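Residues in the sequence shown are numbered from 1 upward in steps of one, following my numbering.
Each residue gets a CB set at the ideal place from its N, CA and C atoms; glycine is no exception.
What you are looking at is a predicted structure, and each value in this text was computed from that prediction instead of being measured.
Scroll down for the structure; my scribbles are underneath it.
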Amino acid sequence: TEIKASDAAVIKPAPFFIRWIRRARTAVLRSFDDSFPPELAGIAGGVTLGERGEFPQDLYGAFQDSGAIHLLVASGGNVGFVTLIVLFICSFAGLGRRKMMFAALAAAGVYTLVAGADSPLVRAYFMTICACAGYLLGRNSGVFQGLLVSCFIILCFHPAAVFETGFQMSFLATLAIIICLNNYSPPANWPRWTRFFVQIFLATLSTQLVLLPVFTNVFYKVSLTGLVSNMVLVPLASCVMGLGFAYSALYALHAGGVLYWPLYGALWLFKTLVEFFASFKLSALPASSWGMGTVASYYAGLFLLFNLPLKNFARKIAPACFAFMVLALAVQYVARPEAEVYLLNEWNRSSSVVRLRGGETLVLGDGIKEEKMLPALYKTGVRRADVFLPFSAEADYAWERLADKTVLPFKDVWPGEFVDASRARVRMVWGLHETKDGRLWENKGYSGTKKDDVSYCFETSGGEWCIGAQARFLRKADGTVVRGRLNDTVKIKL
């Protein structure tokens with residue numbers, strides 16, 4: 001559906017409070033955009049409100065490689081920081097405990113709305129409410145209870161959030177931090193500054209460990225410098241956030257110059273450190289996705305690791321955890337289909353990835369660009385294909401960088417022959433095509449021109465199935481045809 005901007009009209013103005021929230025957010029971001037270079041303004045907006053703006057690709061990649069990309073997203077730490085700052089100010093003002101808590105909750109609530117009220121922010125705000133309620137009632141902090149309450153409330157209003165990456169990362173990371181810091185708390189007789197950095201290290205380590213499957217299955221990249229970089233960048237991000245809000249307030253009063261250079265220096269240092277940590281050769285490594293059984297087994301082992309200090313509890317759960325790990329991996333292997341086929345399409349240019357049960361991966365066709373095929377390979381669980389099979393002799397053979405072997409039509413193998421480079425039974429045939437009315441026809445005969453093309457048929461226990469020329473469709477053993485879709489990926493299990 002397409003509409004013209006000129007056709008847009010205001011049906012009903014937003015409520016006053018919503019408009020005020022929007023104006024406040026716009027004012028804060030404008031103060032950064034008007035005062036600092038685009039890259040520094042983007043960092044300031046990202047750290048304070050989660051609005052990072054447009055970054056150059058190399059800088060965005062540096063944030064990913066250094067493990068600091070999460071600092072450009074408004075998260076639970078921001079809500080906690082706002083709460084603590086307001087409590088600190090109220091204590092100097094001499095307010096009572098109850099008034100301090102209500103003022104802090106009000107400020108944190110406004111910040112949650114101004115920053116966008118995403119799942120991590122809403123989760124953190126409800127956790128803050130539970131923690132403050134527990135404090136006022138003289139009970140335990142209620143942090144874990146707050147995590148459960150916030151999860152329940154969010155899913156009641158938005159059940160689909162459970163499938164969102166941000167929701168999963170937020171709750172997994174928070175749960176890991178709660179368990180890890182509770183079970184691996186540094187000794188109370190250690191110096192305060194030592195305890196502070198140890199807690200940051202433990203929080204970062206637990207977050208990195210619990211989110212590892214998310215990094216591999218969603219981002220296909222794992223940061224190796226994140227443990228060290230976050231020990232420096234997390235405290236610095238808090239300074240940037242505090243200076244950012246103070247600068248915005250002074251900017252509105254035409255007195256922003258008071259904090260201009262301190263904030264500029266903090267932003268420059270933040271950017272420099274991000275680029276420094278990302279500059280190491282092995283700062284981040286590409287990673288292929290894990291199977292569901294591997295993920296389940298990993299979390300069972302991680303749960304046991306987090307609870308090792310509780311010796312009696314660990315002894316009780318250890319047999320169950322180990323049994324579950326073995327069972328999950330066994331089910332993953334047994335339930336694996338004989339073949340998984342991905343039909344990839346981008347603006348009518350197609351390729352296919354075939355993952356066989358024996359572990360072999362084949363790339364068919366060069367329609368999709370190399371940089372976009374890499375994530376497709378990672379998604380199948382490999383970083384590199386075993387065999388590349390082009391559909392014509394005119395293929396772009398630069399694709400061989402993604403595969404161990406390349407088989408050229410009409411040179412290495414002819415239609416009717418089996419592909420020796422593959423461990424599977426793969427037979428090259430004349431190009432299979434489909435007419436508009438659904439009929440299949442073969443492009444038989446060799447002319448020595450670019451019009452010559454081929455297809456590939458796989459012989460498995462379920463029969464022979466073929467991938468049509470240019471990976472436009474798959475013909476199953478029973479004759480059923482599964483077609484690719486424009487700008488989409490079709491996954492077929494055989």
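Contacting residues, own chain, Cβ-Cβ under 6 Å from residue i (five flanking each side not counted)
| i | result |
| --- | --- |
| Ser297 | Met325, Ala328, Leu329 |
| Gly468 | Leu432, Ser455 |
| Gly226 | Gly67, Gln208 |
Residues that DSSP places opposite residue i in a beta bridge
| i | result |
| --- | --- |
| Lys316 | DSSP output for Lys316 lists no bridge partner at all. |
| Leu432 | Glu442 |
| Lys221 | Pro286 |
| Arg355 | Glu340, Thr361 |
| Ala403 | Ala385 |
| Leu474 | Ile467, Val482 |
| Ser455 | Val429 |
Residue i to residue j span [Cα, whole Å]
| i | j | result |
| --- | --- | --- |
| Cys130 | Pro38 | 39 Å |
| Ile21 | Asn487 | 37 Å |
| Phe17 | Ala27 | 15 Å |
| Arg568 | Gly358 | Nothing about residue 568 can be reported from this structure: the residues present for the chain run from 1 to 494 only. |
| Gly367 | Trp347 | 10 Å |
| Cys544 | Cys180 | This structure gives no information on residue 544, because the portion of the chain shown stretches from 1 to 494. |
| Thr449 | Ala393 | 9 Å |
| Ile492 | Ala320 | 35 Å |
| Lys311 | Ala323 | 19 Å |
| Ile43 | Asp478 | 56 Å |
| Tyr247 | Cys90 | 20 Å |
| Gly45 | Ala161 | 25 Å |
| Gln208 | Gly134 | 29 Å |
| Arg384 | Asp404 | 8 Å |
| Leu212 | Val222 | 7 Å |
| Leu224 | Phe63 | 12 Å |
| Tyr111 | Ser119 | 14 Å |
| Lys281 | Leu87 | 43 Å |
| Ala318 | Tyr299 | 13 Å |
| Leu440 | Val481 | 10 Å |
| Pro13 | Ala117 | 20 Å |
| Val341 | Arg427 | 16 Å |
| Gly445 | Pro390 | 17 Å |
| Lys451 | Val218 | 38 Å |
Residues near residue i by beta carbon distance below 7 Å, same chain, minus five either side
| i | result |
| --- | --- |
| Gln332 | Gly291, Met292, Gly293, Thr294 |
| Ala314 | Leu304, Asn307, Leu308 |
| Gln145 | Cys130 |
Own chain partners of residue i with C-beta closer than 8 Å, once the 5 adjacent residues on each side are dropped
| i | result |
| --- | --- |
| Ala266 | Leu236, Cys239, Val240, Leu243 |
| Ser350 | Leu343, Leu344, Gly365, Gly367, Ile368, Gln470, Ala471, Arg472, Gly484 |
| Glu338 | Leu356, Arg357, Thr460, Ser461, Gly462, Leu494 |
| Cys466 | Val429, Leu432, Ser455, Tyr456, Cys457, Phe458, Leu474, Arg475 |
| Leu147 | Arg123, Met127, Phe171, Thr174, Leu175, Ile178 |
| Met114 | According to the sequence shown, residue 114 is Val rather than Met. Answer for Val114: Ile21, Ala24, Arg25, Val28, Leu49, listed in chain order. |
Legend entry - Inter-stretch contact at 8 Å, needing at least 3 Cβ pairs: the stretch 192-211 / the stretch 219-234: yes
Inset, instruction - Starting from the N-terminal side, write out each stretch of the alpha helix (DSSP H) that is 4 residues or longer and does not extend beyond the stretch 53-131. - result: For the stretch 53-131, whole alpha helix (DSSP H) runs of length 4 or above, ordered along the chain, are 57-65, 76-93, 97-114.
Inset, instruction - Give a yes or no on contact between the stretch 254-264 and the stretch 92-105, applying the rule of three or more CB pairs nearer than 8 Å. - result: no
Inset, instruction - Inspect the CB distances between the stretch 429-436 and the stretch 370-386 and report whether three or more fall short of 8 Å. - result: no
Inset, instruction - Check whether the stretch 62-82 touches the stretch 117-125, taking contact to mean three or more Cβ pairs, one atom from each stretch, closer than 8 Å. - result: yes
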